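Chemist: Heads up: the protein sequence lines correspond to chains A and B, in order.
Quick note: the first sequence uses our numbering, first residue 59, plus one each step.
Quick note: the second sequence uses our numbering, first residue 59, plus one each step.
Ideal placement from N, C-alpha and C gives every residue a C-beta, glycine not left out.
Quantities reported herein were computed from a predicted structural model and do not represent experimental measurements.
The following block contains the structure, expressed as structure tokens.
2 protein chains.
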Amino acid sequence: MKVYKIPEATVMRLSIYSRFLHQLLEDEVNTVASGDIASGVGVSSAQVRKDLAYFGEFGTRGVGYKVEELYGHLMKILGLDQNWNVIIIGAGKLGSALALYKGFEDRGFKVTSILDVDNKRIMKQIGDVTVESLDLLEERVREQGIKIGVVTVPAAAAQDVTDQLVAAGVKAILNFSPRVIKVPNDVILRNVDLSVNLEVLSFNLALQK
Amino acid sequence: MKVYKIPEATVMRLSIYSRFLHQLLEDEVNTVASGDIASGVGVSSAQVRKDLAYFGEFGTRGVGYKVEELYGHLMKILGLDQNWNVIIIGAGKLGSALALYKGFEDRGFKVTSILDVDNKRIMKQIGDVTVESLDLLEERVREQGIKIGVVTVPAAAAQDVTDQLVAAGVKAILNFSPRVIKVPNDVILRNVDLSVNLEVLSFNLALQK
DNA sequence: CCACTAAAGTGAAACTTTTCTCGATTATTT
DNA sequence: AAATAATCGAGAAAAGTTTCACTTTAGTGG
């Protein structure tokens, strides 16, 4: 089985499957068929099986998958069998909300640093992290072994902050700013553009009128 | 030219192109080639032309596109030649951050209602909107002509809140809760799953190790 | 222990999206 | 006025993704 290139859509679905399995675990369900997962998350059963097939054979023909076992596999595949320290740059409303977002902690992401340039925000307490100066970026990344950075600064500052994260050795960046930013090839970038998402809705609404 | 089915990826890129064009407008650039847009937002020039081709012929061969004109077309296509009133359900950190998010206002999305079930949040002031009881959902949707709802409630409440939005006549939903929710066919749904995004990063980091 | 049923796994087909290539058109230069 | 350069638009090709249909295997009931 070749694991050359996994479609990003597959990875996103795996993440969703894993959360669905977690629900099943809590309900003490032991086995689950691809069709159950499929109807639970709104895809086809063939899709579920194809997605899993990239990584191995986890099921038993005629029976299905053991929930706990498959869940373990998925968490491992997603790299969630470990904890990740995360740094957030930008302590505005969005950065603060993300820092306090329970969904991250539940999945093994721990926000260990929040930095900002604005003196009014520095020293502010967010959860159990204190906002610090952006000058400490490199130091915090190094001492906390941070691989993942989250950018929640205004568009104008996004590229600059990203460059600093890259220079400090961060390997993956989640960008919430509404600006296209560039990173070297060996750094993984994902954009969560809140406006784009609303605009896709707007487009579809305008279309059906 | 058939406008039967536009890929969602195309719509998302149009949104990004339009913001890039807005920058050019501010810099008083008059014309732009598909290649300029392409390198500005990190796609291929053929991709830009194909995306635009779904909607018409906006350029001049040998020359390029008039920035202002193309910008106007894109805004129209995206349904941003009008303002949209938006209701947010869930006045927690994330809901509050979104309500105050400047990027929405800039693009014609106005948050006119924020509702919650929690009495501790009701009456709170967020920007110039006061948090109100979820009981007012139908009333506010009706009187404010709301088509777009944003769900920022905990996973357990997401489906229930969504059903209420649908019942009230909302036609498009942006779901931030980490739960797969179901809507009728005629309602447009988009999910912004913050954890999924981090997990895609985690997957790729784990892969390259 | 054999027939039957359920469901995973898989190769091929269908479909979708992106990239390539090239003819057409416009502006510019000589 | 003709040659040249730039760049769009579109059909074809390529690549990628999803769905289909079938084969295989494990468990179950007679």
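Along the chain, which unbroken stretches of the alpha helix (DSSP H) at least 4 residues long are found entirely within the stretch 68 to 141 of chain B?
Modeler: List check, alpha helix (DSSP H) in window: 92 to 99, 103 to 111 and 125 to 135.
Chemist: With 8 Å set as the bound, which would you pick, yes or no: does the beta-carbon of F116(A) sit closer than that to a beta-carbon of chain B?
Modeler: One-based indexing of the first sequence puts residue 116(A) at position 58. Cβ-Cβ to chain B under 8 Å: no for F116(A).
Chemist: Residues of chain A with CB closer than 8 Å to the CB of N141(B), please, in chain order.
Modeler: Residue 141(B) sits at position 83 when you count from the first residue of the second sequence. The premise fails here: N141(B) is roughly 10 Å from chain A at the closest Cβ pair, so nothing lies under 8 Å.
Chemist: Expressed to the nearest angstrom, what Euclidean distance is found between the alpha-carbon atoms of I146(B) and A214(B)?
Modeler: What you label residue 146(B) is simply residue 88 of the second sequence in a count that begins at 1. What you label residue 214(B) is simply residue 156 of the second sequence in a count that begins at 1. Cα-Cα distance, rounded: 17 Å.
Chemist: What are the start and end residues of the alpha helix (DSSP H) that includes F261(A)?
Modeler: Translated into the one-based positions of the first sequence, residue 261(A) becomes position 203. Where F261(A) is concerned, the enclosing alpha helix (DSSP H) stretches over L252 to Q266.
Chemist: A264(A) versus chain B: which residues are under 9 Å apart at the beta carbon?
Modeler: Against the first sequence, residue 264(A) aligns to sequence position 206. Chain B residues near A264(A): K134, I135, L136, G137, L138, D139 and Q140.
Chemist: Along the alpha helix (DSSP H) that carries F162(B), what are the first and last residues, could you check?
Modeler: In the second sequence, counting from the first residue as 1, residue 162(B) sits at position 104. Where F162(B) is concerned, the enclosing alpha helix (DSSP H) stretches over K160 to D164.
Chemist: Report yes or no: do three or more beta-carbon pairs, one from the stretch 133 to 151 of chain B and one from the stretch 256 to 266 of chain A, lie closer than 8 Å?
Modeler: Yes: at least three Cβ pairs fall under 8 Å.
Chemist: Would you call D186(A) buried or exposed, if buried means 16 or more other Cβ atoms sit within 10 Å of its Cβ?
Modeler: Against the first sequence, residue 186(A) aligns to sequence position 128. That one is exposed.
Chemist: Per the DSSP calculation, W189(B) is bridged to which residue(s)?
Modeler: The residue labelled residue 189(B) in the question sits at position 131 within the second sequence. Here the sequence assigns Val to residue 189(B), which means Trp is not the residue at that position. I172(B), per the DSSP bridge assignment.
Chemist: Is any beta-carbon of chain B found at less than 8 Å from that of M181(A)?
Modeler: Position 123 of the first sequence, counted from the first residue, corresponds to residue 181(A). No, its Cβ sits nowhere closer than 8 Å to a Cβ of chain B.
Chemist: Could one say the Cβ of R77(A) lies closer than 8 Å to chain B's Cβ atoms, at least one of them?
Modeler: Within the first sequence, the letter at position 19 stands for residue 77(A). It does; some Cβ of chain B falls within 8 Å.
Chemist: DSSP three-state call for Q202(A): helix, strand or coil?
Modeler: As a working note, residue 202(A) is residue 144 in the first sequence. Note: Q202(A) maps to coil in three-state DSSP.
Chemist: Output the boundary residues of the beta strand (DSSP E) element that contains A230(A).
Modeler: In the first sequence, counting from the first residue as 1, residue 230(A) sits at position 172. That run of the beta strand (DSSP E) goes A230 to N233.
Chemist: Near I246(B), which residues of its chain fall below 6 Å by C-beta distance, leaving aside the five closest residues on each side in sequence?
Modeler: Counting from one through the second sequence, the residue named residue 246(B) turns up at place 188. Only A230 meet the Cβ criterion.
Chemist: Hey, is E285(A)'s beta-carbon within less than 8 Å of any beta-carbon in chain B?
Modeler: Absent from the model: residue 285(A). The displayed extent of chain A is 59 to 267, so no value can be given.
Chemist: Going by beta-carbon coordinates alone, are V169(B) and I180(B) separated by less than 8 Å?
Modeler: On the second sequence, residue 169(B) is found 111 positions in, with the first residue counted as 1. On the second sequence, residue 180(B) is found 122 positions in, with the first residue counted as 1. No.
Chemist: Going along chain B, which residues have a C-beta under 9 Å from Y159(A)?
Modeler: Here the question's residue 159(A) lines up with position 101 in the first sequence. In chain order: K151, L152, L252 and S253.
Chemist: Anything in chain A within Cβ reach of R248(B), meaning under 8 Å, just list it in chain order.
Modeler: Here residue 248(B) is taken as the residue at index 190 of the second sequence, counted from 1. Ordered by position in chain A, the residues that pass the 8 Å Cβ test against R248(B) are N255, V258 and L259.
Chemist: Per the DSSP calculation, N177(B) is bridged to which residue(s)?
Modeler: As a working mapping, residue 177(B) is identified with position 119 in the second sequence. The partner list for N177(B) (beta bridge, DSSP) is empty, contrary to what the question assumes.
Chemist: For S92(A), which residues from the same chain have a beta carbon less than 6 Å from its beta carbon, with the 5 sequence-adjacent residues on both sides left out?
Modeler: Working through the first sequence from its first residue, we reach residue 92(A) at position 34. Counting only Cβ-Cβ distances below 6 Å, and skipping sequence neighbours, we find S103, V106 and R107.
Chemist: Given a threshold of 16 other Cβ atoms within 10 Å of its Cβ, counted over all protein chains shown, does L83(A) qualify as buried or as exposed?
Modeler: Against the first sequence, residue 83(A) aligns to sequence position 25. Exposed.
Chemist: Could you please give me the residues that DSSP links to N249(B) through a beta bridge?
Modeler: For the purposes of this step, residue 249(B) is taken as the residue at position 191 of the second sequence. The partner list for N249(B) (beta bridge, DSSP) reads N233(B).
Chemist: So V209(B) packs on A226(B), CB below 8 Å; how close in whole Å?
Modeler: As a working mapping, residue 209(B) is identified with position 151 in the second sequence. As a working mapping, residue 226(B) is identified with position 168 in the second sequence. Incorrect: roughly 13 Å between the Cβ atoms, too far for contact.
Chemist: At a Cβ threshold of 8 Å, is P242(B) touching chain A?
Modeler: To locate residue 242(B), count along the second sequence from 1; it is residue 184. Taking Cβ atoms only, chain A never reaches closer than 8 Å to P242(B), which makes this a no.
Chemist: Report yes or no: do three or more beta-carbon pairs, one from the stretch 111 to 123 of chain B and one from the stretch 145 to 160 of chain B, lie closer than 8 Å?
Modeler: Cβ pair count under 8 Å is below three, so no.
Chemist: Is the shortest distance between the beta-carbon of K60(B) and the beta-carbons of chain A less than 8 Å?
Modeler: Reading the second sequence from its first residue, position 2 is the one you call residue 60(B). Because the pLDDT of K60(B) is 46, which lies under 50, any placement of that residue in the model is unreliable, and the question is left without a value.
Chemist: Give me the residue from P236(B), L72(B) and P212(B) with the minimum Cα distance to D251(A).
Modeler: Position 193 of the first sequence, counting from 1, holds the residue named residue 251(A). The residue with the shortest Cα to Cα distance from D251(A) is L72(B).
Chemist: Since I believe V211(B) is in contact with V219(B) (beta carbons under 8 Å), could you give me their beta-carbon distance rounded to a whole number of angstroms?
Modeler: What you label residue 219(B) is simply residue 161 of the second sequence in a count that begins at 1. What you label residue 211(B) is simply residue 153 of the second sequence in a count that begins at 1. About 5 Å; that satisfies the 8 Å criterion.
Chemist: Taking 8 Å as the CB-CB cut-off, is G100(B) touching chain A?
Modeler: Numbered from its first residue, the second sequence carries residue 100(B) at position 42. Answer yes: the Cβ-Cβ gap between G100(B) and chain A drops below 8 Å somewhere.
Chemist: For E201(B) and Y129(A), what's the separation of their Cα atoms in angstroms?
Modeler: Here residue 201(B) is taken as the residue at index 143 of the second sequence, counted from 1. Here residue 129(A) is taken as the residue at index 71 of the first sequence, counted from 1. Rounded to whole angstroms, E201(B) to Y129(A) spans 46 Å at the Cα level.
Chemist: Could you compute how far the alpha carbon of H80(B) sits from the alpha carbon of A264(A)?
Modeler: Position 22 of the second sequence, counted from the first residue, corresponds to residue 80(B). Position 206 of the first sequence, counted from the first residue, corresponds to residue 264(A). Going by the C-alpha atoms only, they are around 21 Å apart.
Chemist: Is there a Cβ of chain A sitting closer than 8 Å to that of L232(B), yes or no?
Modeler: As a first step, residue 232(B) is located in the second sequence; it is residue number 174 there, counting from the start. Yes, because at least one Cβ of chain A sits closer than 8 Å to the Cβ of L232(B).
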